[in-house]
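**Student:**
Residue numbers (the numbering used here): 2 to 625.
#1: Among 37, 551, 580, which has the Cα closest to the Cα of residue 144?
#2: Taking 9 Å as the threshold (C-beta atoms), are residue 367 and residue 344 in contact?
#3: Which of helix, strand or coil does DSSP assign to residue 343?
#4: Helix, strand or coil for residue 173, going by three-state DSSP, please let me know.
#5: Can you tell me where the alpha helix (DSSP H) holding residue 419 begins and where it ends?
#6: Ends of the alpha helix (DSSP H) at residue 40?
#7: Tell me, please, whether the region 225 to 244 touches the region 187 to 196 by the rule of three or more beta-carbon pairs shorter than 8 Å.
#8: For the pair the region 317 to 327 and the region 354 to 369, tell me if three or more CB-CB distances fall below 8 Å.
#9: Compute the Euclidean distance between the alpha carbons of residue 440 and residue 45, then round it to the nearest angstrom.
#10: Scan the region 215 to 262 and note each continuous beta strand (DSSP E) run of 3 residues or more that stays entirely inside, going in chain order.
#11: Determine the burial state of residue 251: buried for a count of at least 16 other Cβ atoms within 10 Å of its Cβ, exposed for fewer.
#12: DSSP puts residue 182 in a beta bridge; with which residues?
#13: Would residue 598 be called buried (16 or more neighbouring beta carbons within 10 Å of its own) or exposed?
#14: Beta-carbon separation of residue 378 and residue 397 under 9 Å?
#15: When burial is assigned at 16 or more other CB atoms within 10 Å of the CB, is residue 69 buried or exposed?
#16: Kindly provide the ranges of any alpha helix (DSSP H) runs that are 4 or more residues long and lie completely inside the region 109 to 140, ordered along the chain.
#17: Which residues in the same chain have their Cβ closer than 6 Å to the Cβ of residue 532, if we skip the five residues on either side of it in sequence?
#18: For the beta strand (DSSP E) holding residue 280, just list the boundary residues, first then last.
#19: Near residue 590, what residues of its chain come up, given a Cβ to Cβ distance below 8 Å and the 5 sequence neighbours on each side ignored?
#20: Please determine, among 160, 76, 176, the residue with the shortest C-alpha to C-alpha distance to residue 118.
#21: Tell me the rounded alpha-carbon separation between residue 606 and residue 489.
#22: Does residue 364 come out as helix, strand or coil in the three-state DSSP assignment?
#23: Which residues bound the beta strand (DSSP E) around residue 64?
#24: Quick check on the burial criterion: 16 or more other C-beta atoms within 10 angstroms. Buried or exposed for residue 584?
Structure representation (structure tokens):
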């Protein structure tokens, strides 16, 4: 029998729903009664691993990495004990331990957040409790905030008591979303060395851990398409709509250009999986791994999403509808599809322009929250270092064993340790967690290019070749640049929560986006949120280029370095790639010249400075 799904997303109309005291008001695709217009993206492996426990009760959504189940198991123990509950270990010797650890940790976080939120909703208004902080954090345009202000001004009586009950019913928690890097998908073996099936690869086990949890939230898939992982989504009913057209679990794709986003979404739609959000991220002006596009700049990318949004939804829905019919499900209207943006946003004016001009549903603020100790896990030494850092301290490197560009911090303790090991003639790191093993150049079993084993073998091979000294040093430096991220990106969380064992490595890797260079100091959650919404300005005395100019500069520098690397062995194919890359940047500059007059929330002097900077960059590019 075919199940009919009633879809309730009526675009362009006001739609009121009353359910359990919750009033949802929609108009022109935008929720009027809402909490926040920003989210906190995933930050490394450990920096945001428990951020929901710190911000969800205030209506702020955040993203947790579920790559490292060993870190998750330690955090699971930490929070069970903090809550006065019994902790029962899930040992590696147990079946499906990875997904079970993830499921239980997510359920534990959900329980803690629900308890926090229930307590917040019970608190009286106007006594400086968390419930008052909830509203103080909201933007001035929030309908919730206006209702709260009106409530406080009302005289005591029945009307105020009714308004009090309604307002409490309108409060919403921030989502506990999770992130999986699609390509981090190592094949695993059992204790006897036999290969386990596809369902037990790292990414699929992590997906199963989320799917089996009791969360009502989203899975953020990043780092490109993994057909095996994407196909596995079909196995879990929570990713399909219920009879009211609602999803218990949604899918978000983190993308950097329109074409790849559409390809991935089509693949999923044909399997009956709807993409509920495209999370557009700057190719280079972001934290963590930097997936450079072929010269496609953020502004033109956002423009393409804006102009093709309706067409894209129609195309995807036709595929999705047909796929659901094959599963005996009928849906008559496209589910909601949000488009958000993140990477390099630094001011309230930039934030507002993205929301207004490109009609974005929300924005993501990541790296600045590394300077907010009550939100993220940054150890004291690293926090002090990044709070005083300048733009020269951040750089895009080839440090990642994944072979993808990686945003690095020169003054991190992990980077210092890497150089010390090279100086001692012992480059590379012990490889304990093995999440990023991929190389079989010297071994039958894959090993990590950041490992001591690989670097020793590779350097020995290079030294046996007939290379001149300059080439040898250059190639050895490329080998030893690789850094262990499995441990480095979790150590800060272990240090901050006092979970690091006595003999464990204390070196910390951190991967902020270059935008963090403009922020100096250590801030509270309230200060950072006030900055996002324009109620304060943490960059008041800082001369900072517009985010689009920042990204353009990063791309021009990237092109120059890439050209230098291939100058000696430039093939026709690579030459065509560089020509196309440069042409895309030229087109992007022309686009920004036309865009600048539309940035009306900035001063005329600001816009003129943007235009001057564009001309300077254009001249630099002409010389490439």
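Ideal Cβ placement from N, Cα and C applies to all residues, glycine included.
Keep in mind it's a predicted model, so treat the numbers as computed, not measured.
**Tutor:** In terms of the structure at hand:
#1: 37
#2: yes
#3: strand
#4: coil
#5: 414 to 424
#6: No alpha helix (DSSP H) contains residue 40, which is instead part of the beta strand (DSSP E) from 39 to 41.
#7: no
#8: no
#9: 23 Å
#10: 219 to 223, 251 to 256
#11: buried
#12: 223
#13: exposed
#14: no
#15: buried
#16: 131 to 137
#17: 539
#18: 276 to 282
#19: 553, 615, 618, 619, 622
#20: 176
#21: 43 Å
#22: strand
#23: 62 to 66
#24: exposed
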